[in-house]
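Residue numbers for the sequence shown, in the working numbering: 69 to 155.
The beta-carbon is built from N, C-alpha and C at its ideal position, and this holds for glycine as well.
Remember, predicted model here, so these are calculated numbers, not experimental data.
Taking it in order: structure first as structure tokens, then the write-up.
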Amino acid sequence: MVRMYGLKQKEVINVKDGCRLGFICDIEVDESCGTVASIIVPGPGRIFGMFGNDQEYKIPWRDICHFGDDIVLVDVDTKCVLIDCGE
69 MVRMYGLKQK
79 EVINVKDGCR
89 LGFICDIEVD
99 ESCGTVASII
109 VPGPGRIFGM
119 FGNDQEYKIP
129 WRDICHFGDD
139 IVLVDVDTKC
149 VLIDCGE
């Protein structure tokens, strides 16, 4: 079992290009079934989710390949999962 605090300490790495996307800052839960729908990582240039662009990576749960001790491996096209924070 992984708790939210444990997720926030994991760095997200994209296996498509080996790029470090950042650390998980939030999750999105599907209220109808109570499962995690996606993980949220601050977008490029963001520091602690506060400074920089108003974008974030919204990575669907299905695109998560593996949870390691320190990292989460995802397989995404970063252009497709980068959204404006207001969405």
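Item: Close Cβ partners of I48 (< 8 Å) along its chain, the five nearest in sequence each way excluded; Value: Summary: the structure shown does not reach residue 48, with the chain confined to residues 69 through 155, and so no result is reported for it.
Item: C-beta contact flag for L150 and G111 at 9 Å; Value: yes
Item: Pairwise C-alpha distance: G86 and C101; Value: 32 Å
Item: Which of helix, strand or coil DSSP assigns to R130; Value: helix
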